[in-house]
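Residue numbers (the working numbering): 1 to 378.
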């Protein structure tokens, strides 16, 4: 059976293009100094995730932020220049890398503008609104010899790293059943773009990219996807519940997200030919960042809720994996630009996730399975 997991040395877009998958940064675009970064957006994603992580990584300097709320930026980052518009930030000659942490519907135009301004680019997930937009950006970055990466930070969740380790070590045997839940209790609909009627809003586009990316990292691309989504909260304007099934030749995968779960079940459930694993609770890094914590302490990313592993002997035992660490994403981006290392999340991989998101949406609309094109796999 062919291994369809993303490989940074994969050589094409299948039927979509023959441009190289792994973009080699042009020598004139390589850095040999501290990486100077400009951040577009200082809402939840920009202020909670990107700004603290960028500040925590050696060799990276956050020098500018574009925001419509300069007072908020100045209160947190007094030594960082604040621009009133993205366009003003993109014109700054001293910025090497632009991080886009703005509403989903602005990702494509801002990323395109940043690339055309000669900047390397990181885009928060979801990459774009459509797979076609994602494809355009990948091709543009390839032509310009610029790094384009997508912030799929939950590859560095503690629980996910534990699962990767379990599967790589073969402790569960061949995995036949995999469940991934991302459930929260947020019964009140809030006035924000993520819960609006705008394109790119809703839980499938918010949490679906995380769950899909993790599964593809573990098992490669599925053969088909079936999605059901709904708006279940009083006054909901966009989907706040989804349930997706992914078909593989030798296993079945279930992805689930809901905003109305006050008593959450396991985050992960895995069954294999030699045992089972279950894990409660979410990776602690988001809550730590929300509370104002900064990465770097000895306890950072340590999961206080060990997983439960049951093997053929039937004896439950605790299983603790490595600590989570979102800074590994940005340290890898730094190394890619300063030292020619690999892009930690190549945009091509994020394009594949956009295709799966769209196929899921189409499945929900047509109420039947959607086949994943074989050409999507590299």
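Ideal Cβ placement from N, Cα and C applies to all residues, glycine included.
Using a Cβ distance threshold of 9 angstroms, residue 357 and residue 70 do not count as a contacting pair. Scanning its chain for C-beta atoms nearer than 8 angstroms, with the 5 sequence neighbours on each side dropped, one finds around residue 318 the residues 306, 307, 308, 309, in chain order. In the three-state reduction of the DSSP assignment, residue 329 falls in the helix class. Taking every protein chain shown into account, the CB of residue 376 has 16 or more other CB atoms within 10 angstroms, so this residue is buried. Given a length threshold of 3 residues, each whole run of the beta strand (DSSP E) inside the region 117–192 is given here in chain order: 120–124, 148–151, 175–183. Between the C-alpha atoms of residue 291 and residue 45 there is a straight-line separation of about 14 angstroms.
Here residue 62 really is in contact with residue 37; their C-beta atoms are around 5 angstroms apart, less than 8 angstroms. With respect to the 9 angstroms criterion, residue 89 and residue 40 are classified as neighbours on the basis of their beta carbons. Non-local C-beta neighbours of residue 246 in its own chain, meaning closer than 6 angstroms and more than five positions away in sequence, comprise 222, 225, 253, ordered along the chain. Non-local C-beta neighbours of residue 238 in its own chain, meaning closer than 7 angstroms and more than five positions away in sequence, comprise 195, 196, 197, 201, 202, 231, ordered along the chain. If you draw a straight line from the Cα of residue 214 to the Cα of residue 117, it is about 32 angstroms long. Taken in chain order, the complete alpha helix (DSSP H) segments of 4 or more residues contained in the region 281–307 are 285–290. Comparing alpha carbon positions, the residue from 362, 105, 79 closest to residue 199 is 105. The beta carbon of residue 322 lies closer than 8 angstroms to those of 158, 161, 162, 165 in the same chain, with the five residues before and after it left out.
Note on residue 149: 16 or more other CB atoms within 10 angstroms of its CB, so buried under the neighbour-count rule. In this structure, the CA atom of residue 57 is about 7 angstroms from the CA atom of residue 330. If you draw a 10 Å sphere on the C-beta of residue 185, you find fewer than 16 other C-beta atoms in it, and that means exposed. For residue 327, same chain residues with a beta-carbon under 6 angstroms away, outside a window of 5 residues either side, are 53, 56, 57, 295 in chain order.
Cβ-Cβ distances below 7 angstroms link residue 233 to 187, 189, 240, 259, 260 in the same chain, with the five nearest sequence neighbours on each side left out; the list follows chain order. Rounded to whole angstroms, the separation of the alpha carbons of residue 33 and residue 360 is 43 angstroms.
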